[in-house]
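Novice:
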Amino acid sequence: MAKRILALTLGSALAVVGLVAAFEPIRGHAETSGGGALKGAADFASIADTKERSKAIFAEASRVLTHPRCINCHPATRSPTQGEDMHPHVPLMIAADSSMGPAGLACSTCHGPENRGIVGSRLKSIPGNAHWQLAPESMAWQGLTVSQICQQVKDTERNGNRSHADLIKHMGEDHLVGWAWHPGEGRSAPPGSQAELAALIAAWVDTGAECPD
Amino acid sequence: MPYNLTVNGKSYAVDVDGDIPLLWVLRDTIGLTGTKFGCGIAMCGACTVHVDGMPVRSCILPVSEAAEKPVTTIEAIGDTPEGRKIQQAWLDIDVVQCGYCQSGQIMSATALLAANPKPSDGDIDAVMAGNICRCGTYPRIRAAIKLAAQG
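Protein chains in written order, with numbering that gives the first Met the number 0: chain A, 0 to 212; chain B, 0 to 150.
(1) Give me whichever residues DSSP pairs with Arg115(A) in a beta bridge.
(2) The alpha helix (DSSP H) with Thr109(B) in it runs from where to where?
(3) Please identify the residue among Cys38(B), Ile144(B), Thr5(B) and Gly103(B) whose C-alpha is closest to the C-alpha of Ala66(B).
(4) If I follow the unbroken beta strand (DSSP E) through Arg56(B), where does it start and stop?
(5) Buried or exposed: which applies to Arg68(A), given that a residue is buried once 16 or more other Cβ atoms fall within 10 Å of its Cβ?
(6) Should Leu196(A) and Gly171(A) be called a contact, given that it needs their Cβ atoms to be closer than 8 Å?
(7) Taking Cβ positions, are Val63(A) and Gly191(A) nearer each other than 8 Å?
(8) Verify whether the separation of the beta carbon atoms of Ala164(A) and Gly34(A) is less than 8 Å.
(9) Using only alpha-carbon positions, find the residue among Gly129(B), Ala45(B), Asp51(B) and Asp14(B) that is nearest to Pro69(B).
(10) Excluding five sequence neighbours on each side, which residues of the same chain lie with their C-beta closer than 8 Å to the C-beta of Ile40(B)?
(11) Got a sec: is the Cβ-Cβ distance from Ile73(B) to anything in chain A below 8 Å?
(12) Hey, could you find the ends of the alpha helix (DSSP H) Pro138(B) is sitting in?
(13) Closer than 8 Å by beta-carbon distance: list the chain B residues that pair up with Cys106(A), in chain order.
(14) State the start and end residues of the unbroken beta strand (DSSP E) segment that holds Asp173(A).
(15) May I have the straight-line CA-CA distance separating Ile123(B) from Ala36(A), to the nearest angstrom?
(16) In three-state terms, what does DSSP make of Thr76(A)?
(17) First and last residue of the alpha helix (DSSP H) that includes Leu196(A)?
(18) Using a Cβ-Cβ cut-off of 8 Å (strictly less than) and excluding sequence neighbours within five positions of Phe43(A), which residues of its own chain qualify?
(19) Would you say Cys109(A) lies against chain B (beta-carbon separation less than 8 Å)?
(20) At a Cβ threshold of 8 Å, is Pro101(A) touching chain B?
(21) Note down, in chain order, each residue of its chain lying with its Cβ closer than 8 Å to the Cβ of Glu83(A), except the 5 sequence neighbours on either side.
(22) Quick check: is the beta carbon of His28(A) nearer than 8 Å to any beta carbon in chain B?
(23) If you draw a straight line from the C-alpha of Leu90(B) to the C-alpha of Ile76(B), how long is it?
(24) Tell me whether Val145(A) sits in a helix, a strand or coil according to DSSP, three-state version.
(25) Starting from Lys50(A), trace the alpha helix (DSSP H) both ways and give me its first and last residue.
(26) Just the chain A side, please: which residues come within less than 9 Å of Leu25(B) by C-beta, in chain order?
(27) In terms of alpha-carbon separation, which member of Leu111(B), Pro61(B) and Thr34(B) lies closest to Glu81(B)?
(28) Rounded C-beta distance between Ile131(B) and Gly44(B)? I'm assuming under 8 Å.
(29) Quick check: what's the CA-CA separation for Val55(B) versus Asn114(A)?
(30) Could you tell me whether the Cβ of Val15(B) comes closer than 8 Å to any Cβ of chain A?
(31) Just the Cα atoms here: how many angstroms apart are Pro101(A) and Ile46(A)?
(32) Determine the burial state of Met0(B): buried for a count of at least 16 other Cβ atoms within 10 Å of its Cβ, exposed for fewer.
(33) With which residues is Val152(A) paired in a DSSP beta bridge?
(34) Can you grab the Cα-Cα spacing for the pair Pro112(A) / Ala129(A), in whole Å?
(35) Would you check if the distance between the CB atom of Ile160(B) and the CB atom of Ile29(B) is smaller than 8 Å?
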């Protein structure tokens, strides 16, 4: 009898352990688990040489630019990537001429004006923004070095004819850029905040907008 | 929350949570079961309907975003010129195998034809890539879209 009770107790204990394991929450990147802090311009004050300081500031800002939330939509081809590992977009999607998908399958077929939560799936949400679209072909960043991205960002032939002042405004105020820090549940955010990125870009411009080597 | 939905030209007053996906309201509340649940995460296309004439994945579209906009489902897509052509081509080519994904396929194909009356193979592949068919009817889907584009 005692043996039987012991067996039952053991059995129940094992069942409970199994249940707990089965219902353990699936780990994902919470919206708030951003990429940590972004250094401010003051953190680079110790670099006496202005040119070198400018390069270091851009290198810090590039931690945002090369983050999956940003660079997934600056792909090398005209198809977006997705996820933390930047795998090809599922389903396969192309930018087409509009950068918003081919006629008949717009980005907005799935991506709404806001992130949409999903219940009961490993995928926690579908990201969304009113301006959801791929960056233009001239702004492809994947596969480039930080130095090459920097040159692209400054080149008015390839940056949408943006002045340095326009760049600060774009990085600091653009709604789709800002989405990166509010990517919806299940996705990590880049380091810092949009305001901190804008301040870094402003400091980079102030120091001559030099590109890292 | 009460919402007024216009589905296939008919008005429906429904009382559901605003964040419930449109698909669930279509199937469970209104009773239009032609639109299918596939993956539930906008990756397979089985649940495609048209809202304001644009294809959307109804499994992730909150019903609040579809309220007050015209919704068209597979039950009425044959009333549009492109939908009628697509459905006829589907019958002529005998596209369907098991059929589960086909209402979504037809809704996407109709949206393609409405936006691009003479699609190339590349155009068809680019748009229909969003709809998965486990039976692999893709060659017949492409042939049927080409046939519909001729007629």
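Heads up, the beta-carbon is just placed ideally off N, CA and C, and yes, glycines get one too.
Specialist: Quick look at the numbers:
(1) Looking up residue 115(A) in the first sequence gives position 116. Arg115(A) pairs with Ile125(A).
(2) Here residue 109(B) corresponds to residue number 110 of the second sequence, with the count starting at 1. It spans Gln101 to Ala114 - the alpha helix (DSSP H) in which Thr109(B) sits, taken as one unbroken run.
(3) Here the question's residue 66(B) lines up with position 67 in the second sequence. It is Thr5(B) whose Cα lies nearest to the Cα of Ala66(B).
(4) As a position in the second sequence, residue 56(B) is number 57, starting the count at 1. Unbroken beta strand (DSSP E) run through Arg56(B): Met53 to Arg56.
(5) Residue 68(A) sits at position 69 when you count from the first residue of the first sequence. The residue in question, Arg68(A), is buried, as its Cβ has 16 or more Cβ neighbours within 10 Å.
(6) Within the first sequence, the letter at position 197 stands for residue 196(A). Within the first sequence, the letter at position 172 stands for residue 171(A). Closer than 8 Å, so yes.
(7) Taking the first sequence and counting its residues from 1, the one referred to as residue 63(A) is at position 64. Taking the first sequence and counting its residues from 1, the one referred to as residue 191(A) is at position 192. Yes, these two residues count as a Cβ contact at 8 Å.
(8) As a first step, residue 164(A) is located in the first sequence; it is residue number 165 there, counting from the start. As a first step, residue 34(A) is located in the first sequence; it is residue number 35 there, counting from the start. No. Outside cutoff.
(9) As a working note, residue 69(B) is residue 70 in the second sequence. Pro69(B) has its Cα closest to that of Asp51(B), out of Gly129(B), Ala45(B), Asp51(B) and Asp14(B).
(10) Here residue 40(B) corresponds to residue number 41 of the second sequence, with the count starting at 1. Counting only Cβ-Cβ distances below 8 Å, and skipping sequence neighbours, we find Cys58 and Ile59.
(11) For the purposes of this step, residue 73(B) is identified with residue 74 of the second sequence, where counting begins at 1. Answer no: the Cβ-Cβ gap between Ile73(B) and chain A never drops below 8 Å.
(12) Numbered from 1 along the second sequence, position 139 holds the residue referred to as residue 138(B). Tyr137 to Gln149 is the extent of the alpha helix (DSSP H) around Pro138(B).
(13) Here residue 106(A) is taken as the residue at index 107 of the first sequence, counted from 1. Per Cβ cutoff of 8 Å: no residues; Cys106(A) is ~11 Å from chain B at best.
(14) Numbered from its first residue, the first sequence carries residue 173(A) at position 174. Element bounds for Asp173(A): n/a, residue is neither H nor E.
(15) Position 124 of the second sequence holds residue 123(B). Position 37 of the first sequence holds residue 36(A). So the alpha carbons of these two residues sit roughly 45 Å apart.
(16) Position 77 of the first sequence, counted from the start, is the residue given in the question as residue 76(A). Reduced to three states, the DSSP call for Thr76(A) is coil.
(17) Start at 1 with the first residue of the first sequence, and residue 196(A) comes out as number 197. It spans Gln193 to Asp205 - the alpha helix (DSSP H) in which Leu196(A) sits, taken as one unbroken run.
(18) Counting from one through the first sequence, the residue named residue 43(A) turns up at place 44. Cβ neighbours of Phe43(A) beyond the five flanking positions: Arg52, Ala55, Ile56, Glu59 and Ala202.
(19) Here residue 109(A) refers to the residue found at position 110 when the first sequence is read from its first residue. It does: the Cβ of Cys109(A) has a partner Cβ on chain B nearer than 8 Å.
(20) As a first step, residue 101(A) is located in the first sequence; it is residue number 102 there, counting from the start. Output row for Pro101(A): interface = yes.
(21) Reading the first sequence from its first residue, position 84 is the one you call residue 83(A). Excluding sequence neighbours, Glu83(A) sits near His28, Pro67, Arg186 and Ser187.
(22) By one-based count along the first sequence, residue 28(A) stands at place 29. With a pLDDT of only 48 at His28(A), under the threshold of 50, the placement of this residue in the model should not be trusted; the figure read from the coordinates follows. Not an interface residue.
(23) The residue given as residue 90(B) occupies position 91 in the second sequence. The residue given as residue 76(B) occupies position 77 in the second sequence. Taking the straight line joining both Cα atoms gives about 15 Å.
(24) Against the first sequence, residue 145(A) aligns to sequence position 146. Three-state DSSP puts Val145(A) in a helix.
(25) As a first step, residue 50(A) must be located in the first sequence, where it is residue number 51. It spans Thr49 to Leu64 - the alpha helix (DSSP H) in which Lys50(A) sits, taken as one unbroken run.
(26) Residue mapping note: residue 25(B) aligns to position 26 of the second sequence, counting from 1. Result: empty, since nearest Cβ-Cβ is about 17 Å, beyond 9 Å.
(27) Working through the second sequence from its first residue, we reach residue 81(B) at position 82. Closest by alpha carbon: Leu111(B).
(28) Indexing the second sequence from 1 puts residue 131(B) at position 132. Indexing the second sequence from 1 puts residue 44(B) at position 45. Yes, they are in contact, since the Cβ atoms of Ile131(B) and Gly44(B) sit about 6 Å apart, within 8 Å.
(29) Start at 1 with the first residue of the second sequence, and residue 55(B) comes out as number 56. Start at 1 with the first residue of the first sequence, and residue 114(A) comes out as number 115. Using only the alpha carbons, I get a separation of about 15 Å.
(30) As a first step, residue 15(B) is located in the second sequence; it is residue number 16 there, counting from the start. By this cut-off, Val15(B) is not an interface position.
(31) Numbered from 1 along the first sequence, position 102 holds the residue referred to as residue 101(A). Numbered from 1 along the first sequence, position 47 holds the residue referred to as residue 46(A). Looking at the two C-alpha atoms, the distance is approximately 48 Å.
(32) As a working mapping, residue 0(B) is identified with position 1 in the second sequence. With fewer than 16 other Cβ atoms within 10 Å, it is exposed.
(33) Position 153 of the first sequence, counting from 1, holds the residue named residue 152(A). Answer is none; Val152(A) lacks a bridge partner.
(34) Taking the first residue of the first sequence as position 1, residue 112(A) is located at position 113. Taking the first residue of the first sequence as position 1, residue 129(A) is located at position 130. Pro112(A) and Ala129(A): Cα-Cα distance of roughly 4 Å.
(35) Absent from the structure is residue 160(B), since the part of chain B shown begins at 0 and ends at 150.
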